[in-house]
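J.: Just passing along the structure, written as structure tokens.
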Amino acid sequence: MVRKIVLRTFSSILAVWLSFSTAIVYAEERGPVTNLPLPRFVSMKAKEGNVRRGPSLTHRIDWVFKHNNMPLLITAEFGHWRRVQDMEGQGGWMHYALLSGVRTVIVKTDQLALRLKPNIASATAVYAEERAIAKLEECTLDWCEISSNGHSGWAPKADIWGVWDHEIRE
Numbered sequence: 001m002v003r004k005i006v007l008r009t010f011s012s013i014l015a016v017w018l019s020f021s022t023a024i025v026y027a028e029e030r031g032p033v034t035n036l037p038l039p040r041f042v043s044m045k046a047k048e049g050n051v052r053r054g055p056s057l058t059h060r061i062d063w064v065f066k067h068n069n070m071p072l073l074i075t076a077e078f079g080h081w082r083r084v085q086d087m088e089g090q091g092g093w094m095h096y097a098l099l100s101g102v103r104t105v106i107v108k109t110d111q112l113a114l115r116l117k118p119n120i121a122s123a124t125a126v127y128a129e130e131r132a133i134a135k136l137e138e139c140t141l142d143w144c145e146i147s148s149n150g151h152s153g154w155a156p157k158a159d160i161w162g163v164w165d166h167e168i169r170e
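And the structure:
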């Protein structure tokens, strides 16, 4: 009898904790400048972009990102500046004019088989090289369709960077 009560109590506490922790994961902070969600993914629209230590031209340049369409994660906003991170967590402040809302991803796995349909049993459409940049199309809970250079296919979310685990796109 006592064991059943303890198990019910534990189950109730666990259920409350899980629903609270899920709410934290999906909670959205809004940027003070754009009122868009933070953090959020964007891409670099310039071929080259200076990444500065702080949000102004007087701050030192720490990095120069050199990949057009590279996906970046915006983590903060200040005036015309956005604090960004790349796939490895490197970053700093970039001027907003260098960024685009077009969504792209980076392939994390070498010779990733992009499938014709969003399941592992589907035939391979094309292979993607590690660190390839591709446009993000639609996503299910576990798969995303990506495209580059006229080729497209479905990739498991775990093998790409630039999309949220819970994100669904139609």
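With the working numbering, letter number 43 in the sequence shown gets 43, and the count goes up by one each step, no holes.
Note that the Cβ used here is the ideal one computed from N, Cα and C, for glycine as well.
Buried or exposed: which applies to Ile56, given that a residue is buried once 16 or more other Cβ atoms fall within 10 Å of its Cβ?
T.: Numbered from 1 along the sequence shown, position 56 holds the residue referred to as residue 56. The question names Ile, but residue 56 is Ser in the sequence shown. Classification for Ser56: exposed.
J.: Need the endpoints of the beta strand (DSSP E) that Thr124 sits in, please.
T.: As a first step, residue 124 is located in the sequence shown; it is residue number 124 there, counting from the start. Note, Thr124: beta strand (DSSP E), 124 to 128.
J.: For Arg131, I'd like the list of residues in its chain whose CB is within less than 7 Å of its CB, leaving aside the five on either flank, ordered along the chain.
T.: By 1-based counting over the sequence shown, the position of residue 131 is 131. Ile106, Val107.
J.: Tell me whether the stretch 53 to 71 and the stretch 31 to 38 touch, counting them as touching only if at least three CB pairs, one residue from each stretch, are closer than 8 Å.
T.: no
J.: For Gly49, write down the residues that DSSP places opposite it in a beta bridge.
T.: Locating residue 49 in the sequence shown gives position 49, counting from the first residue. Looking at the DSSP assignment, Gly49 forms a beta bridge with Phe65.
J.: According to the neighbour-count rule (16 or more other Cβ atoms, all chains shown, within 10 Å of its Cβ), is Lys47 buried or exposed?
T.: Sequence index remark: in the sequence shown, residue 47 carries index 47 (1-based). Lys47 should be labelled exposed.
J.: Hey, out of Ala113, Cys144, Gly54, Ser152, whose CA is closest to Val84's CA?
T.: Residue numbering aside, residue 84 sits at position 84 when the sequence shown is read from its first letter. If you compare the alpha carbons of Ala113, Cys144, Gly54, Ser152 with that of Val84, the shortest gap goes to Gly54.
J.: Name the one or two DSSP bridge partners that Met44 has.
T.: As a position in the sequence shown, residue 44 is number 44, starting the count at 1. Bridge partners of Met44: Leu99.
J.: Using 8 Å for Cβ pairs, my map puts Trp161 next to Pro71. What's the rounded Cβ distance?
T.: Counting from one through the sequence shown, the residue named residue 161 turns up at place 161. Counting from one through the sequence shown, the residue named residue 71 turns up at place 71. Correct: roughly 7 Å between the Cβ atoms.
J.: With a cut-off of 8 Å, do at least 3 Cβ pairs link the stretch 147 to 162 to the stretch 112 to 131?
T.: yes
J.: Since Asn69 contacts Met94 with CB under 8 Å, what's their CB separation in whole angstroms?
T.: Residue numbering aside, residue 69 sits at position 69 when the sequence shown is read from its first letter. Residue numbering aside, residue 94 sits at position 94 when the sequence shown is read from its first letter. About 14 Å; that fails the 8 Å criterion.
J.: Quick check on DSSP: helix, strand or coil for Ala76?
T.: As a working mapping, residue 76 is identified with position 76 in the sequence shown. Here Ala76 sits in strand by DSSP.
J.: Could you give the first and the last residue of the continuous beta strand (DSSP E) run that contains Ala158?
T.: For the purposes of this step, residue 158 is identified with residue 158 of the sequence shown, where counting begins at 1. Counting along the chain, Ala158 falls outside any beta strand (DSSP E), and DSSP gives it neither H nor E.
J.: By DSSP, does Leu36 sit in helix, in strand, or in coil?
T.: For the purposes of this step, residue 36 is taken as the residue at position 36 of the sequence shown. In this structure, Leu36 counts as coil in the three-state DSSP scheme.
J.: Between Leu38 and His80, what straight-line distance do the alpha-carbon atoms span, to the nearest angstrom?
T.: Indexing the sequence shown from 1 puts residue 38 at position 38. Indexing the sequence shown from 1 puts residue 80 at position 80. Their Cα atoms are separated by approximately 15 Å.
J.: Determine the direct distance from the alpha carbon of Arg82 to that of Arg52, and round the result to whole angstroms.
T.: For this step, residue 52 is matched to residue 52 along the sequence shown. For this step, residue 82 is matched to residue 82 along the sequence shown. Cα to Cα, the separation comes out at about 10 Å.
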